[in-house]
Amino acid sequence: MKSIKKLVFGAVSMVLAATSVSGIAVAGGHGWEPTKPIDFIIMAGKGGGADKMARLMQAIVEKENLSNRPLVPTNKSGGSGAEALIAASKASDPDHTIMVTLNSFYTTPLRQPGLKIDSLSFAPVARMAEDTFLLWVHKDSGLKTFAEFLAKAKADGNKWVMGGTGKNSEDNIITDFLNENYGLSMKYIPYKGGGAVAKQVAGKQLNSSVNNPSEALGFYESGDMVPLVAFTKSRLPMFPNVPTLSEVFAGGKQISWSYFMQRSVVGAPGMSEKAQAYYTDLFAKVYASKDWQTYKSKKSLMGDLMSGDELKAYWADQIANHTKILKASGAIK
Amino acid sequence: MDILASLFNGILVALEPINLGLAIVGVIVGLFVGAMPGLGSVNGVAILLPFTFVIQGFTGGATSPMIFLAAIYYGAMYGGAISSITLGIPGASTAVATTFDGRPLALAGKAHLALVAAALASFAGGTVSNVMFTAFAPLLATVALSFGDPEVFALMLLAFATFVGLGGDDIPKTIFSICIGLVLATVGFDVVSGEPRLIFFDITGFSHGIRFLVLAIGVYGIGEMLWTINTSRYGSSMSNVDVSARAIIDAIKDFRHAWRGTVIGSLLGFFVGILPAAGATPGSLMAYGVAKLTSRNPGEYGKGSIDGVAAPEAANNSASTGAMLPMMTLGIPGSPTTAVLLAGMVIWGLQPGPLLFTNQPDFVWPLIGSFYISNVIAVLINLAFIPVFLWMLRMPFTILAPLIFVLSLVGTFAAYQDMFDVWLMVIVGIAAFFLRLLDYPVAPAVLAIVLGPIAEPKLRQSLLFSDGDFMIFLNRPIAGPITVIALILIFLPLIKLIRDKMRQSA
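Those sequence lines, one after another, are chains S and V.
Throughout the first sequence, residue numbering follows this note's numbering, covering 1 to 333 in sequence.
Throughout the second sequence, residue numbering follows this note's numbering, covering 1 to 506 in sequence.
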C-alpha cells in the first residue's frame, strides 16, 4: 500500500508541477535560469513524429531533472506551422518560449510571405537530429528495386498514386523531384499525417509513399511495406540493403540527391543571449542522454548536434535550397 | 482457447496490487478530468504522461504506465456524462450527445435515471468492446486497413443521413443547420490544397480551424444557460431530485428500458472507433442518430429519452476501446487521446504495429486485462458517487448560472490556453441562443462540425483518385452498399412527404 500512496502523491505533485511552478531546484553554473514554466511549442499536431520527439525531450528533462522549471508542451499545428511561428514570434516572454521545428520552419514563411516571419530571426538552440526519408511500396506490388519502381510508375502514368503529408510538404517536394527528374507523372494525394499515409500504403489504397522510418517501421517489421531507396547521403544502418538514391543507376541516369527533415529546437525571436546559452546547454544534455541516443538509432535518425552560429548557417543554407526547390515546382514565384 | 488463457493471465497481471492501484487512481483522475468542462481524457493523459516515467522507473516495464493512462481514458469517458447531465455543459467532446437527452431528464427531476443509465450503458459498451477486442483484434485490424478514403466518406455520408432525422420535423431548418456547421468546419488550413480558408479579418485564431469543443461549450454552456434564463423566470432550484439509495436502485432496475440504445451504441461505437480518423466523438453522435432513427418513438428524443442517454454513453466507451485497436495494431491513433498514448508507447520503447501482438504479449494481454478491470472499477465508483453529483442539482439556479458561466470560460481556456477560443465560445453561445429562439435545431450544426473535417478531405482525396468520377463511391465493394443506404435514408423523408401529399389530394 505504501508504494501506491507514494504513486498517488507523485501523481498529484506531477499535476501541480505541470500546471504551476514546481519546486525541485537544480544547481546550475549559469547566470540565467528560468523563473517560470517554459512554454514548449510543438509545430505539429498530437501524435505525429515531431510531437513524439517533443514529448520524449520533455520526458528526458523531467526524468533526469535537467531543468528547475518544467517544459509545458502546447501543440500548434494550424497552417503547416504558421500558427506556431506566429505564436512564437509574438511571445510576450521570449526567454521562456522555445519551439520544436521541422522543415515547415523554412517552407511556410517562404510560401506565405504575408506572415512576415523571418526564420533567421529565431534564436538557434539545438538541432537534435535530421529525419530521413525512404521510398516505400507494398510487398504485394512485387517491386524489388528502384529501377522496377520507375518502370512500373512510368507505365501507369497518373494512375500511380503517391501519398504524403500535406500539400507542398517534404513528401510533396520529394514526389515532385522524382516526377521531374525521371519523367514520371505520379499523382500526389495529401493526407493529414505520416501515420495515415503509411496505413494507406499497407492497406493497398496507395501505391507508394516517402514516409520517415519511424512512421513506417511497424509495417516494415510485419513485412507489409518494402523500402526501395533511401534519400540519404549514406546507407542507413537499420536498412543496410536499401541503396541510396545517389548510388543507383536507374531510368537511364544516376542522380546525386538527398533530402532531410531537421528536428531542431529554436528560441523565440528576441531571446536574450544568456537564456539562449541556458537552453543550448539544456538540450545538449538531452542530446547526450541514453534515451535520446537510443531513440535516434531506433528510428533511423541522422545528423549530429548542432547549435549557435553553426545552426544559423545551416538554416541559411536550407532556406536557399528550399527557395530553389519551391521555385522549380512552381509553389512560389 | 489460446486467447482465453492469454486473457486470464493478463487479468492476473492487471490485478497485481501495483497495477490495480494504478487503475483505481487512473479511473478517479479520469472521472475528474472528464467531468470538468473543457478538460477531457486527452488533457488527462497528456498532463500525466511525464509521470508515467516515474511509474516505469518503479516497475520496469511499459505495462503499468499504460494501464494507468488507459484507466484515465476509461474514467474520462464515464466522467464526461456527469456534467453533461447535471450542468448541461458537455464535460468532454465525447459527451456532447449525452446532453441532448440527459439535460431534459435532469430538468424534469430525473437526473438520477440519466446518471445511472449513463453509468450502466458505459459499462455495457465497455464490456462489449472489450470482448470484441479480445476475440477479433487481428481480424479487425484488417477491416480497418480495407477502409480507404471512399469507404470512410461513405460512412460519413451515412452519418449525415441519420442527422436529417435528428432535428425534429422541420427538415429544411435541419438542412440549414447542417450547412452552417459544414461552413464553419471549413475554416482554417485546407489539408488537400494547403491554402488558408475563411480566415476572417486575418485573425490568427482562425488558422487552426474552429475547435469543436469551443462550439460545444458555447452552444451547451452559454447558449443553454441563456435559454434557461429566458424560459424559467423563477428563481427556484432547477429540479427536485431524489438522492436516496432507493431511487438509485429503482433507476438501476429501470435501466432495462434502455437496452436498445445500449446495444446500438455498443456495436456502432466500437465499429466507428476502430476506424482510424473517427474516434469516440463521431461514434457517440452517430449512435444517437441511429438510435433515434430506428426508434419506435423518435418524438421522445431530445425531450428526455433514456435510450438517448444510453446510446451515446455506450458508444463513447465502446469507441474508446475500439480506438486502441488501430493505435496498437497499425500505429495510427483514432482519436487525439490515443495519439498521446501512442507517443507514450514509443517513448517507453515499444513499436506499435501489426507485430505488437506477437512480439509483445507481455504488454498486450495485461493491458487488455486491465480494460476489463478498469471498466468494473469505473462503474462501481461512478454509481457510488451519483448521490454526490445529484447534490449539485439542488443548487438554486441563481448560484448555478454564474457557476456554469465561469466553468464555460475556464474550461474553454483550459483546453487550448487560447483567449481567442474564449471569445469565440461566448459569441457562439449567444448565436446559438438566437438560433434556438427562431426554432432552428442546433444539434445538426454541432454534428456537422465534427464530421465535416473528416468527410471533406476524404471526399476530395477520393475524387483525386478517380479523377473526379463520383462512381468511386458506388463501384467499390464496401463503399457501394454504404453509399446506397445513406442515399435512401437522405431521400426517405422526401418520399414520405410526396406520398402524404398524394394521399391528401386523392
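By construction, the Cβ of each residue, glycine as well, lies at the ideal position given by its N, Cα and C atoms.
Owing to the predicted nature of the structure, the values given are computational and were not obtained by experimental measurement.
Check: Can you tell me the Cα-Cα spacing of G30 (chain V) and L22 (chain V), whole angstroms?
Finding: 12 angstroms
Checklist line | Endpoints, beta strand (DSSP E) assigned at F357 (chain V) | finding: Note, F357 (chain V): premise wrong, no beta strand (DSSP E); alpha helix (DSSP H) at L356 to N359.
Margin query: I need the boundaries of the beta strand (DSSP E) containing H138 (chain S), first residue and last residue.
Written below: L134 to H138
Next item on the list: Tell me, please, whether the CB atom of V346 (chain V) is closer than 8 angstroms to any CB atom in chain S?
Entry: yes
Next item on the list: Kindly list, in the order they appear in chain S, the residues whose Cβ is closer than 8 angstroms to that of P396 (chain V).
Entry: Here the premise fails: no neighbours, minimum Cβ distance about 31 angstroms.
Margin query: If distances are taken between C-alpha atoms only, which option among V:I472, V:I490 and V:E456 comes closest to P190 (chain S)?
Written below: V:E456
Item checked: L56 (chain S): contacting residues in chain V (beta-carbon distance under 9 angstroms) -> A343, V346 and I347
Next item on the list: Could you work out which residue in V:P333, V:G221, V:T94 and V:T337 is closest to S284 (chain V) when comparing CA atoms only?
Entry: V:T94
Next item on the list: Could you tell me whether any Cβ in chain V is nearer than 8 angstroms to the Cβ of I332 (chain S)?
Entry: no
Margin query: D51 (chain S) and N75 (chain S) - do their beta-carbons sit closer together than 8 angstroms?
Written below: yes
Note to self: Please report the distance separating the alpha-carbon of A92 (chain V) from that of S41 (chain V).
What the structure shows: 8 angstroms
Note to self: Between which residues of its own chain and E195 (chain V) is the CB-CB distance below 8 angstroms, once the five residues before and five after are set aside?
What the structure shows: F189
Next item on the list: Ignore the nearest five residues each way along the sequence and tell me which others in W348 (chain V)'s own chain have a CB closer than 7 angstroms to its CB.
Entry: Q56, A62 and P65
Check: For R127 (chain S), which residues does DSSP report across the bridge?
Finding: S:S264 and S:M306
Notebook entry, point to check: For the alpha helix (DSSP H) that M419 (chain V) lies in, which residues bound it at each end?
Noted result: M419 to L437
Notebook entry, point to check: Between the region 329-347 of chain V and the region 35-55 of chain V, do at least 3 Cβ pairs fall closer than 8 angstroms?
Noted result: yes
Next item on the list: Would you mind sorting S129 (chain V) into buried or exposed? The rule is 16 or more other CB atoms within 10 Å of its CB.
Entry: buried
Next item on the list: Count the C-beta pairs between the region 99-110 of chain V and the region 82-89 of chain V that are closer than 8 angstroms, then say yes if the count reaches three, no if not.
Entry: yes
Next item on the list: Run the CB neighbour count on G235 (chain V), radius 10 Å, all protein chains shown included, and call it buried at 16 or more, exposed below.
Entry: Low confidence applies here, because G235 (chain V) scores a pLDDT of 46, under 50, leaving its location unreliable and the question unanswered by this model.
Check: Cα separation between G157 (chain S) and G142 (chain S)?
Finding: 18 angstroms
Check: With distances taken from CA atoms, which of V:L145, V:G429, V:V376 and V:L113 is nearest I478 (chain V)?
Finding: V:L145
Checklist line | Opening and closing residue of the beta strand (DSSP E) in which Y191 (chain S) lies | finding: K187 to Y191
Notebook entry, point to check: So the alpha helix (DSSP H) I55 (chain V) belongs to, where does it begin and stop?
Noted result: F51 to T59
Checklist line | Segment contact flag, the region 406-416 of chain V with the region 197-207 of chain V, C-beta cutoff 8 angstroms, min 3 pairs | finding: no
Next item on the list: State buried or exposed for E130 (chain S), treating a residue as buried only when at least 16 other CB atoms are found within 10 Å of its CB.
Entry: buried
Next item on the list: Run the CB neighbour count on L438 (chain V), radius 10 Å, all protein chains shown included, and call it buried at 16 or more, exposed below.
Entry: exposed
Margin query: Within 10 Å of its beta-carbon, does L494 (chain V) have 16 or more other beta-carbons around it, so buried, or fewer, so exposed?
Written below: exposed
Notebook entry, point to check: Once you ignore the five residues that flank R460 (chain V) on each side, which residues in its own chain have a CB closer than 7 angstroms to its CB?
Noted result: V192
Notebook entry, point to check: Looking at C-alpha atoms only, which residue of V:I490, V:V214, V:L497 and V:F470 is the closest neighbour of V426 (chain V)?
Noted result: V:V214
Item checked: Cutoff 8 angstroms; reference V346 (chain V); Cβ partners in own chain excluding five residues on either side -> P352
Check: Taking only beta-carbon atoms, is S370 (chain V) less than 8 angstroms away from chain S?
Finding: no
Next item on the list: Take H138 (chain S) as the anchor and find which of S:A44, S:G223 and S:T323 has the nearest alpha-carbon.
Entry: S:G223
Next item on the list: Report the partner residues of I42 (chain S) according to the DSSP bridge assignment.
Entry: S:N75 and S:V100
Item checked: Residue-level contact to chain V via CB, A44 (chain S), 8 angstroms cutoff -> no
Item checked: Coil, strand or helix - A27 (chain S) by DSSP -> Any reading at A27 (chain S) needs caution, since the residue's pLDDT is 42, under 50, leaving its predicted position unreliable; the model's value is listed next. DSSP places A27 (chain S) in coil when its eight states are reduced to three.
Note to self: Can you look up M238 (chain S) in the DSSP assignment and give me helix, strand or coil?
What the structure shows: coil
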